[in-house]
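Shown next, in structure tokens, is the structure this report addresses.
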DNA sequence: ATCCTAAGTTAGTGGCCAATCACTACCTAG
DNA sequence: CTAGGTAGTGATTGGCCACTAACTTAGGAT
């Protein structure tokens, strides 16, 4: 397998592992095992652990952005919000790790900034701004609607993190299409 | 100092440390240093590290709940949402650690559940449900409004975690009173 | 055949960290 | 004065983990 292919499978494996364990709770050994490769080899493909985490974060945000643009494609503006909500619901169901990884990314940025490391946060904010802008454009460049859409998305993330099952009363306030299961 | 007083100061110190480092990124040594006590003594006051984290999580959620009920007290229903939003904004400004700790709590629950530990999540969900219910009651038991209020709160948390400064365009979609600074 | 490169491994190191154990200093009630 | 409880410490340990260095193997071109 070429180094580039390996890099990509490392990123996917890293996303799964980091999603559950977070930055400090995930060993590079665990990632390597999942890829099926020796642990030291990761450090040939990436300069250090943080670089692996950053790549996983960016991949996670970028693919989520894609899900949104994909869902809205070709629809009239007024139907796009519903379509994007439905697509996110499907994402949660099919691949909950992506959403856990999002949360892990946020707290990792906070931790990095607290330690004086600005670079990591910059890189994540760049990726996240693309997500924001994509949603913004799909929703007809309406700021309030964009904010509201993302706000509900964040509450979904939180409720999933906290492990509230589908059907729990905390889900009542959501559009049907944005509820889990 | 009595053991009970110590316990409380440990909880406050733990909240500050865990807020920035997360569960795995914070050493009990760091907490002990902040309290001004030896590291082994923490294990007299708490059975293990997770118990310290849980206490800090509960304290964090409970005091946030209080901020909301305090802010709404004595106001007519239609003014409460604004008052609570303003109170949260003040909280962010005065004590950003409380909000980082919230996020750390969420991902820690996800991690614990992933490892098969249900108890920790149960305890956090109990505390969180009290927050939900408090907001729900203050807002006149309107489910949709409660959900929306919390959703915006979660987006605030995210943007703060990501380090977006006051005045950034991502804050445009919020009520004036809910923006930072 | 031979050389080179790219993909990959085994073995190891230094540092950190949760948790335990055995101990000390102080206070208070009888 | 002393016996017991309460607040607290120093030393240690066993395990994990990021990262390094040095070695190995397989394929393609000359």
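Protein chains in written order, with our numbering: chain A, 1147 to 1327; chain B, 1147 to 1327.
Glycine residues also receive a C-beta, built at the ideal position from the N, C-alpha and C atoms.
Being a predicted model, the structure only gives us computed values, none of them experimental.
Extent of the continuous alpha helix (DSSP H) to which residue i belongs
i, result
"residue 1230/A", "1223-1240"
"residue 1162/B", "1149-1167"
"residue 1199/B", "1195-1218"
"residue 1183/B", "Where residue 1183/B is concerned, there is no enclosing alpha helix (DSSP H), given that its DSSP letter is neither H nor E."
"residue 1315/B", "Premise fails: residue 1315/B is in no alpha helix (DSSP H) and is neither H nor E."
"residue 1190/A", "1188-1191"
Chain B residues whose Cβ lies nearer than 7 Å to that of residue i
i, result
"residue 1200/A", "Under the 7 Å cutoff, chain B gives no residues; its nearest Cβ is about 14 Å from residue 1200/A."
"residue 1253/A", "1168, 1249, 1250, 1253, 1307"
"residue 1161/A", "The contacting residues do not exist; residue 1161/A stays about 14 Å from chain B at best."
"residue 1316/A", "1278"
"residue 1260/A", "1166"
Residues that residue i contacts on chain A, provided the C-beta gap is smaller than 9 Å
i, result
"residue 1239/B", "The contacting residues do not exist; residue 1239/B stays about 16 Å from chain A at best."
"residue 1204/B", "What residue 1204/B touches in chain A: nothing, since even the nearest Cβ is about 14 Å away."
"residue 1293/B", "1298, 1301, 1316, 1317, 1318, 1319, 1320"
Contact list for residue i against chain B, beta-carbon separation under 8 Å
i, result
"residue 1290/A", "1319"
"residue 1257/A", "1166, 1167, 1168, 1171"
Chain-ordered neighbours of residue i on chain A, where CB pairs are closer than 8 Å
i, result
"residue 1271/B", "1308, 1309, 1310"
"residue 1267/B", "1308, 1309"
Chain A contact residues for residue i, given Cβ-Cβ distances below 7 Å
i, result
"residue 1313/B", "The contacting residues do not exist; residue 1313/B stays about 14 Å from chain A at best."
"residue 1300/B", "1297, 1300, 1301, 1304"
"residue 1176/B", "Within chain A, no residue comes near residue 1176/B; the closest Cβ sits about 12 Å away, beyond 7 Å."
"residue 1246/B", "1256"
Beta-carbon contacts of residue i that lie in its chain and below 6 Å, excluding the five residues immediately before and after
i, result
"residue 1282/B", "1292"
"residue 1221/B", "1229"
"residue 1326/A", "1238, 1312"
"residue 1157/A", "1201, 1202, 1205"
"residue 1188/A", "1174, 1178"
"residue 1255/B", "1267, 1270"
Proximal residues to residue i (C-beta, below 7 Å), its chain only, five neighbours per side dropped
i, result
"residue 1316/A", "1305, 1310"
"residue 1191/B", "1149, 1152, 1153, 1156"
Under 9 Å by beta carbon: chain B residues contacting residue i
i, result
"residue 1287/A", "Correct list: empty, because the minimum Cβ distance to chain B is about 12 Å."
Residues of its chain near residue i, where Cβ-Cβ distance is below 8 Å and the 5 sequence neighbours each way are ignored
i, result
"residue 1184/B", "1178"
"residue 1257/B", "1169"
"residue 1180/B", "1159, 1162, 1163"
Stretch-stretch touch, CB-based, cutoff 8 Å, three pairs: the region 1308-1320 of chain A with the region 1253-1265 of chain A: no
Any chance you could list the alpha helix (DSSP H) runs of at least 4 consecutive residues sitting entirely within the region 1245-1308 of chain A, in chain order? 1264-1284, 1289-1307
Give a yes or no on contact between the region 1238-1256 of chain A and the region 1295-1309 of chain B, applying the rule of three or more CB pairs nearer than 8 Å. yes
Between the region 1231-1248 of chain B and the region 1205-1220 of chain B, do at least 3 Cβ pairs fall closer than 8 Å? yes
Measuring CB atoms only, is the region 1195-1210 of chain B touching the region 1154-1164 of chain B, in the sense that at least three cross pairs come out at less than 8 Å? yes
Sufficient close CB pairs (3 or more, under 8 Å) joining the region 1167-1178 of chain B to the region 1165-1180 of chain A: yes
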